[in-house]
Structure formats: C-alpha cells, structure tokens
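Going from the sequence shown to the working numbering is simple: count from 1 and add 292. Backbone N, C-alpha and C define an ideal beta-carbon position, used for all residues, glycine too. The next block holds one structure in the form of structure tokens; read it before the comments.
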Amino acid sequence: MQIKFIGATKDVSGSCTLLKHLRQDTLFLVDCGLHIGTAEADWINKNNFTFNPQDIRFVLLTHSHLDHCGLIPKLYKDGFKGKVYCTRATGELAKVVMSDCAKNSNFYDYSHVNSVDFHYIDTRDNSGWGKLFCLTNDLRVSFLRGSHILGSSSICINWGFEDDPESKGKTILFSGDVGCNFDDNEYLPLLKSNHFPFPDTNFIVIESTYGGRNRESKYKSDKKRLMALEEIIIDKVINNGGKIFIPAFSIHRTQEIIFDLYRTMLSLMGKGILPNYLNDREGYSSKKFAICVDSPMAVKANRVYIEEFFRTKRNGKHIYRSGIVTDIYAKALLEIFETANYTFESESDGALGFISVIDRAGHASKKGKRSKPSSYGETSDIGKRACIVVASAGMCEAGPIVSYLDEFGQDVENTVVMTGFQAAGSRGRAILESADEAIKGEVINLSSYYSAHADEDGLIKFLFYLSGSDLGKKTTIFINHGTDSSKSDLKKAIEDRASKEKENDRKIAKVITLDGSHEWFDLNTGEEFHVEEFDIQKEITLLHEKIDILLNLVSK
C-alpha cells in the first residue's frame, strides 16, 4: 500500500488522501474536500486534480462537512465513475451541502451532485461499527463511530501483503475530524462518544485543528453550557427586553442549539421565570416567548435527522443518540424536526412559548407528517415577533442572518451570540472583533462551548487509549489538517506522552507532520519515496527516438 497526502497539508480544509493498493493496482481516495478560507482557495478548487479522476476506483468519506466532501461532484464531472462509501447519515447530509455548493459556486452543477453514487456501509447485511467488509480480495474497511457531527466516522483500512494476501497484513486509520465526546464525558448534547482506533493499528492519520490548545473545564460541561445560555437569555431578554440573534451553521450546530434552547425553556418555565416575564408584559397580545430558527439548509438537514438521528439497532440500542437525549427530549426534538414547530404549555398558563423552524416551502416527512409553509413572512416580521432568532449562515457571510443583523443590529439592547468558528476575513470575525459598524449591541462568544473538534487533550486521548489491550505494537502517526503551529504543537505533545511510556498506552514508532513537501509513503515499509512527475513532452520525444531506431533497423 502506498499513500500520498493531497489536501489539508497546509491548513484545515481540502482534506483528500490518495492511496494505491499495489496487489490489485487500485487507486482510491479518503475524502475529497473543498478548500475554504484562503486567498487561493477558489483557484485550487477550480484547478485540475493532481491525479486523474478516471483512475480512481472509489472514495471513502469520513463525514459530510464541505471541506471533506465538497469536491466529490467535481470528481464525477472530471470523469470519476466509482462509488462513495460512507454512513447513510453522512451521504444524505452530504447531498444537502453539495447541492448548496452547486447553487452558490461554479465548481460543478446539480447534475454532478446527482451523479454521486453513494453506497451506505450501515445498510449492508450484518453491518456495524468496527465490522470489516471487503472492497477487493485483500482490501478490507471498517467504520468507527465519531462524535464530530451526525454520521461522522473514523475509517480503518486493512490490507494483506503482496506476497501473502491471506495474512492479517497492516492497518491504517483515518481519524476524520475527531469529535469532543468521549465515554467519560459526552458533553455536547446529541451524539454518542468517539470510538478509539484498534490496538493493532500500524498507522494513524490524525487531524490537528486544536493542536496546542485546550479548553477550560467549564467549556466541557453540558450543565455549564446550558447555564451560560440561560444567563444570557435572562439578562438580555427577560431583564432588559432585548432580542438575541444567533448565527449558526446549518448542519448539526443548529440542531444542537435547538435542543439546548428547548431545555433552557423548560428550565425557565420550571423556575417560574418565563410565566412571570410574560405576565409582566402588558399589551403583548400573544403572551408567548417566541424562538425562531430561520435556516433553509437546516430545514433540509432536519429531514435527514428525522431518519438517521433516531435510528436504533436490531437490539433497540441507539446508533447515534447520546444518553443526554432522554425519550421525553427525543419526542420533543422529533416533533420540532417533523412539524417545524413545538409549543410549550403548562396546566395553569396554557401556551407559554414555542420554537418555530421557518420552513418557507413546507415539506412532507417519510412518516406522513407535513410541515406547513411558514406564515411569518420576511425577516423584518420574524425579527419583530421573535425574542430569539437562530439563523444561517454561521459566519454571517450569507443567508437570513445577514438581513437580521442589518435590520436589528443597530439596537443596543439586542445581542449577537456566536456559536462557531469565524474565519479571518469573514463578517463573523469582524463582528467578534467589534469591527462591524452595523452591530451596536453586545457580542457574546459561546463558540468554545459548542466547538465540535476535540482539543489537544482529546486528540491525545484518542491516539493513546488502548482500553487495556496493549499488544506491544508501535504505531506511526501522520499529523494533517492543521496549521504549521498546531501540527508542531501536537507532535510535541504526542512525543512527550510517548516518552512517559505509561502502562496500556499505545506505543509510538514515529510522528510525521505533513506540510505539502512529502511525496509518497510506502506503508509496507514505512518509508517515503519520490515519484518523478510525468512529463508528456519528454515521453513523446523518447517515443520518437525509439520509432527512429526501429525504422533504421527495418531499413537495414
């Protein structure tokens, strides 16, 4: 097996790795993501791939974020004819984000999105996390559960040696984006914990987004995140009569925030704060505390959540749903996702408030319920009626949030609450840095509570934990998907931990940081090697020379 790292070697986007299985002469990819956030990103996305898409047999996809799946339709546009293997949740969400990319860019169109041939590994007979299935005679793959977003996985690839295809061979694991939830602390609200790499893994490709950075313990607490959100609502809305506007990413972040707001409403009702607040508002005809979610892409994603988030195994255990989401909570979430509305009621006060997902078209779910198109109208009407608005897009560059900020940001009583990463140059970053003149009220950053990437401590735990199964094997680590500093910091942290030789820790052979300068690695030997670039003009010249030699021989 040979491997070449194509993308995410210099930053945190464009994930793409090329592998060549020598025995079967098979080329395949792990992820094929869009480059995002750099000055040359558009140029790279429009440029030709550094390999021939027609030569690729299949793609293994870790999850549905654009920087991991966003160029898959371009593969098909450029001649790829193979399959894309992933979980069903990943595939269905990827369709949503790739369709949005087709709408808002010129990298490919809807026909190329529709050409993507997804094969869902979790709909196969006897499928399950960690179960191997064959792609070729001696090439096997398994998917391990991740907690980054719904459907996300680490991917484990196992191959036999060329001279002994029946042997156990070697294994490489691609972490994908490592989520924050682990067995001892599932603090982000929806998903079960990450699975760890198998003890006998020979190579691990690890992301390094948070290399060198750790979050304070308060940011790793479901209880403290809810307390922070409740305090903001009490201070800004209940006590001061303002509104809260929350820019949010449509895939997974919006669904997390919906769940947190639902639980916060229950808390405010239970403490009597919400009924008292509504009783004190003379002339407020509806007597309701309105929370509106305005995100066209989130509406589409919610339909995937209806089918995937609530799925169970044959034994009744949930595939994705964490223990935080009790049956009562799950029923409420399903109601929100299916009907785009949920009303909070009490025996004494009737309807106290509601969460409404603005569905401007109206859609039917597979379970027969149909959401009605919203009658709220334009963002101006929604903003006036709602106390809290959650809207796309997460970095405030496009989507309904732009209109809300432009119209309501000038009011000093209104608050903007950030819940996600803001790239340099984005409007969201300008708002965080108090450089957006349209925003006069307070800006509060809750991003550290909601970040879906494991911090450095989490990455170290992911790499070293062996669940008591120390087989004595040493693992080579490739560090990718990070800045130069985050990769360097993570490498130091790995080497420091490895030097302590803790009992039951994974043993580390060496750590390689990827910076775009590496060529190919031979995974059978673990050594790097250089492949001379193909020069077509040089080859034509050599061919002409050979023809001349043959002609001379024939003439003699």
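Valine 617 and serine 809 have their C-alpha atoms roughly 45 Å apart. The beta carbon of glutamate 811 lies closer than 8 Å to those of Lys296, Glu820, Phe821, His822 and Val823 in the same chain, with the five residues before and after it left out.
Pairing tyrosine 400 with methionine 561, the inter-Cα distance amounts to about 49 Å.
Counting only the Cα atoms, tyrosine 402 lies some 9 Å from methionine 390. Annotation note: the stretch 476 to 524 contains the following uninterrupted beta strand (DSSP E) runs of length 3 or greater, listed N- to C-terminal: 495 to 499.
With respect to the C-alpha of threonine 707, the residue from Ala715, Gly717 and Ile723 having the closest C-alpha is Ile723.
When secondary structure is reduced to three states using DSSP, glycine 383 falls in the helix class. A distance below 8 Å between beta-carbons, with the five flanking residues on each side excluded, links alanine 394 to the following residues of its chain, in chain order: Pro365, Tyr400, Asp401, Tyr402, His404 and Val405.
Secondary structure note for aspartate 359: its alpha helix (DSSP H) is the uninterrupted segment 358 to 361. Membership of valine 596 in any beta strand (DSSP E) is not indicated; the residue belongs instead to the alpha helix (DSSP H) covering 588 to 600. Across the structure, tyrosine 742 and threonine 318 are spaced so that their CA atoms are roughly 40 Å apart.
For tyrosine 696, the uninterrupted alpha helix (DSSP H) segment begins and ends at 692 to 700. Membership of alanine 785 in any beta strand (DSSP E) is not indicated; the residue belongs instead to the alpha helix (DSSP H) covering 776 to 791.
Distance from serine 500 to glycine 443 at the Cβ level is roughly 22 Å; contact not present, criterion being Cβ atoms closer than 8 Å.
Within the stretch 693 to 767, complete alpha helix (DSSP H) segments of at least 4 residues are found at 719 to 724, 739 to 742 and 748 to 756, given in chain order. For glutamate 819, the enclosing beta strand (DSSP E) starts and ends at 819 to 821. A Cβ-Cβ separation of about 52 Å leaves phenylalanine 490 out of contact with lysine 580 under the 8 Å criterion.
In this structure, the beta-carbon distance from leucine 521 to serine 614 does not fall below 8 Å. In this structure, the straight-line span from the alpha carbon of asparagine 486 to that of glycine 675 is close to 38 Å. For asparagine 633, the enclosing beta strand (DSSP E) starts and ends at 633 to 638.
Lysine 592 and valine 388 have their C-alpha atoms some 7 Å from each other.
The Cβ atoms of lysine 779 and glycine 325 do not sit closer than 8 Å to each other. One alpha carbon belongs to leucine 465, the other to lysine 765, and they sit about 15 Å apart. The stretch 731 to 747 and the stretch 778 to 798 do not touch, with fewer than 3 CB-CB distances between them shorter than 8 Å.
DSSP places cysteine 448 within a strand segment (E or B) once states are collapsed to three. Lysine 799 sits in a strand when the DSSP states are folded into three classes.
Taken through DSSP and simplified to helix, strand or coil, glycine 299 comes out as strand. For isoleucine 565, the secondary structure class from DSSP, reduced to helix, strand or coil, is helix. DSSP places serine 434 in the strand class (E or B) of the three-state scheme. Cβ contact annotation for arginine 677 (same chain, cutoff 6 Å, sequence separation greater than five): Ala582, in chain order. In terms of Cβ geometry, threonine 767 and arginine 798 form a close pair [threshold 8 Å]. Taken atom to atom, the span from the alpha-carbon of alanine 590 to that of glycine 461 is near 43 Å. Between isoleucine 348 and leucine 367 a beta carbon distance of about 7 Å is seen, short of the 8 Å cut, so the two are scored as contacting.
The beta carbon of serine 419 sits closer than 8 Å to those of Ile413 and Phe425, all from its chain and outside the five residues before and after it, given in chain order.
Checking the DSSP bridge columns, you'll see valine 681 partnered with Phe537 and Cys584.
In the three-state scheme derived from DSSP, where H, G and I count as helix and E and B as strand, arginine 349 is classed as strand.
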